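Q: Pasting a structure here, questions to come.
Protein chains in written order, with our numbering: chain V, 27 to 183; chain P, 2 to 226.
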C-alpha cells in the first residue's frame with residue numbers, strides 16, 4: 027500500500043503527535059509531583075488516604091495509554107472494527123485483575139489470622155484429623171449452619 | 002477498494018478482494034502479536050499485584066528507587082525513573098516521526114528520526130543497566146537486592162518480580178533497538194524506496210510504541226503505587 031498523503035494532512039498529523047507528546051510529558055510530571063508532595067509535605071509520616079492517590083495514578087496511566095495507543099499507534103485513525111478487534115480482548119483483563127487481587131487479599135487475611143493464633147488453628151486440625159479435614163472445616167456436623175456456628179465458637183477461621 | 006461510507010463492516014467485505022480493516026496482512030499480524038504480548042505482560046503484572054496483596058508488608062518504592070547516578074547519597078525518589086520514562090516516551094515520538102516521514106517517502110527524514118529513536122532506546126537500556134547494578138550491588142542500602150532476597154522489608158518475591166518484569170521489558174527494548182537498527186540501515190540503503198512504501202517502519206514502530214506502553218504500567222505498578 028503506497029501511502030502518499032497530501033501535505034496538509036501530513037502537517038496536521040505531525041502537530042497531533044507533538045501535542046500528544048506534550049500531554050504525556052505533562053501527565054508524567056504531574057504524577058511524579060503528586061507522589062513527591064504526598065510523601066514530603068502531606069504525609070511525611072506515612073499513611074493518608076493512599077486509595078485516593080493510587081486511583082489518580084491508575085487514571086493518569088490509563089490516560090497515557092490512551093494517548094500512546096490512540097495517537098502513536100494510530101488506532102484513532104484505524105477502522106472502528108480493527109480498533110475493536112484489538113481493544114476488545116483487553117476488557118477481559120478487568121475480571122482478571124479483580125479476581126486475582128481479591129484472591130490475594132483473601133490470602134493475606136488468612137496469613138494474618140494464622141500469625142495471630144497459629145496454635146488455635148493447629149488444635150482444630152489435630153482435633154478433626156488431617157485426612158478429611160485440612161482446612162479446619164467441620165464435616166461431622168453437616169449443614170452450613172452447624173459449621174459456621176462451630177467455627178465461630180472456636181475463635182474464628 | 003470498496004468505499005464504506007459509514008465505516009462499518011459488512012459481510013460482503015469478507016468475501017475476498019477487499020481489505021475490510023483497511024490494513025495490510027503484516028500490520029494486522031503485528032497487532033495480533035502485540036495483543037498476545039499485552040496479555041503476557043498483564044499476567045506478570047497481575048501476579049505482582051496478587052503477591053503484593055497477599056503480603057502483610059511490602060517495600061516502599063520511594064525508599065527502594067531513590068538513587069540517581071552522579072549524585073551519591075542524595076535522596077531523590079522517582080527522580081531517575083522519571084528521566085528513564087521521559088527518554089522512552091521521546092524515543093517513541095521519534096519513531097512516530099520516522100513513520101510519518103515514511104508516509105511522504107522522505108528517506109532522509111526516516112533515517113534521521115530512526116537514529117534518534119535508536120539513541121533513545123539505547124539510553125533507556127543504559128539507565129536500566131545502571132539501576133539494576135545499583136540495586137544488585139546495593140551500594141546505598143548496605144546490601145543488595147537479588148531475585149532471591151531483598152532488604153526492603155518485603156517478601157523475597159519483590160526482588161524476583163522486579164527483575165523478571167523489568168528484565169522482560171528490558172529485553173523487549175533491547176530487541177526493539179536491534180529491529181530499529183535493521184530498519185534504519187535498510188531505509189538508508191533505499192530498500193523501502195525501491196519497494197515503494199515504508200510499511201516496515203510502521204510495523205516496527207507499532208512494536209516500539211507497545212514497549213513504551215508497557216513501561217507506563219511497569220512504572221505504575223513498581224514505582225508509583
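Glycine included, C-beta positions come from ideal geometry on N, C-alpha and C.
Keep in mind that this is a model prediction, so the values were computed, not measured.
#1: For residue 279 of chain P versus residue 65 of chain V, is the C-beta spacing smaller than 8 Å?
#2: Counting contacts by CB-CB distance shorter than 8 Å, is residue 86 of chain P in contact with chain V?
#3: Are residue 215 of chain P and residue 42 of chain P closer than 8 Å when you measure CB to CB?
#4: Quick one: what's got a C-beta closer than 7 Å to residue 217 of chain P's C-beta in the same chain, skipping five residues either side?
#5: Can you tell me whether residue 22 of chain P is buried or exposed? The criterion is at least 16 other CB atoms within 10 Å of its CB, across all chains shown.
#6: Tell me which same chain residues have a C-beta within less than 8 Å of the C-beta of residue 312 of chain P, skipping the five on either side of it?
#7: Considering only residues of the same chain and omitting the five flanking positions on each side of residue 14 of chain P, which have a CB-CB separation below 6 Å?
#8: Report the residues of the region 175 to 208 of chain P with a CB closer than 9 Å to any CB of chain V, ordered along the chain.
#9: Ignore the nearest five residues each way along the sequence and tell me which others in residue 86 of chain V's own chain have a CB closer than 8 Å to its CB.
#10: Quick one: Cα of residue 148 of chain P to Cα of residue 221 of chain P, how far?
#11: According to DSSP, which residues form a beta bridge with residue 69 of chain P?
#12: Under 7 Å, CB to CB, which of the residues in the region 114 to 129 of chain V have a partner in chain A?
#13: For chain P, find out if any of its Cβ atoms is closer than 8 Å to the Cβ of residue 160 of chain V; answer yes or no.
#14: Extract the residue ranges of the alpha helix (DSSP H) inside the region 78 to 150 of chain P, only unbroken runs of 4 or more that lie entirely within it.
#15: Since residue 202 of chain P contacts residue 111 of chain P with CB under 8 Å, what's their CB separation in whole angstroms?
#16: Within its chain, find whatever has a CB closer than 6 Å to the CB of residue 162 of chain P; leave out the 5 residues flanking it on each side and keep chain order.
#17: Any heavy atom of the ligand COA within a distance shorter than 7 Å of the CB on residue 129 of chain V?
#18: With distances taken from CA atoms, which of P:16, P:45 and P:30 is nearest residue 169 of chain P?
#19: Is the CB-CB distance between residue 138 of chain V and residue 57 of chain P below 8 Å?
#20: In the DSSP assignment, the alpha helix (DSSP H) including residue 28 of chain P goes from what residue to what residue?
#21: Using CA atoms only, rank isn't needed, just tell me which of V:136, V:46, V:99 and V:61 is closest to residue 83 of chain P.
#22: Where residue 120 of chain P and residue 133 of chain V are concerned, what is the direct C-alpha to C-alpha distance, given to the nearest angstrom?
A: Put simply:
#1: Because chain P in this structure spans residues 2 to 226, residue 279 of chain P falls outside the shown range and cannot be described.
#2: Sequence index remark: in the second chain, residue 86 of chain P carries index 85 (1-based). Cβ-Cβ to chain V under 8 Å: yes for residue 86 of chain P.
#3: Residue 215 of chain P sits at position 214 when you count from the first residue of the second chain. Residue 42 of chain P sits at position 41 when you count from the first residue of the second chain. Contact flag set, yes.
#4: Numbered from 1 along the second chain, position 216 holds the residue referred to as residue 217 of chain P. Sequence-distant Cβ neighbours of residue 217 of chain P in its own chain, meaning closer than 7 Å and more than five residues away, do not exist here.
#5: What you label residue 22 of chain P is simply residue 21 of the second chain in a count that begins at 1. With at least 16 other beta carbons inside 10 angstroms of its own, residue 22 of chain P counts as buried.
#6: Residue 312 of chain P is absent from the model: chain P starts at 2 and stops at 226.
#7: In the second chain, the residue the question calls residue 14 of chain P occupies position 13. Closer than 6 Å at Cβ, skipping near neighbours: 21.
#8: Taking 9 Å as the Cβ-Cβ cut-off against chain V, the residues of the region 175 to 208 of chain P that qualify are 197, 198, 199, 200, 203, 206 and 207.
#9: Translated into the one-based positions of the first chain, residue 86 of chain V becomes position 60. Counting only Cβ-Cβ distances below 8 Å, and skipping sequence neighbours, we find 53, 56 and 57.
#10: Against the second chain, residue 148 of chain P aligns to sequence position 147. Against the second chain, residue 221 of chain P aligns to sequence position 220. Approximately 20 Å between the Cα atoms of the pair.
#11: The count along the second chain starts at 1 and reaches residue 69 of chain P at position 68. Residue 69 of chain P pairs with P:72.
#12: The chain inventory of the structure shown lacks chain A, comprising the protein chains V and P.
#13: Counting from 1 along the first chain, the entry for residue 160 of chain V is found at position 134. Note on residue 160 of chain V: pLDDT 46, under 50, position unreliable in the model; no value is reported.
#14: The qualifying runs are 80 to 104 and 108 to 138.
#15: Here residue 202 of chain P refers to the residue found at position 201 of the second chain. Here residue 111 of chain P refers to the residue found at position 110 of the second chain. Yes, they are in contact, since the Cβ atoms of residue 202 of chain P and residue 111 of chain P sit about 6 Å apart, within 8 Å.
#16: Here the question's residue 162 of chain P lines up with position 161 in the second chain. Within the same chain, Cβ atoms closer than 6 Å to the Cβ of residue 162 of chain P are found at 49, the five residues on either side in sequence being excluded.
#17: The ligand COA is absent from the structure shown, which contains no ligand whatsoever.
#18: Taking the first residue of the second chain as 1, we reach residue 169 of chain P at position 168. Considering only alpha carbons, the answer is P:45.
#19: Within the first chain, residue 138 of chain V is the residue found at index 112, counting from 1. Within the second chain, residue 57 of chain P is the residue found at index 56, counting from 1. Result yes, Cβ atoms of residue 138 of chain V and residue 57 of chain P sit closer than 8 Å.
#20: If you number the second chain from 1, residue 28 of chain P lands on position 27. Where residue 28 of chain P is concerned, the enclosing alpha helix (DSSP H) starts and stops at 26 to 55.
#21: Working through the second chain from its first residue, we reach residue 83 of chain P at position 82. Selection V:136, V:46, V:99 and V:61 evaluated against residue 83 of chain P yields V:61 as nearest (Cα-Cα).
#22: Against the second chain, residue 120 of chain P aligns to sequence position 119. Against the first chain, residue 133 of chain V aligns to sequence position 107. C-alpha separation (whole angstroms): 45 Å.
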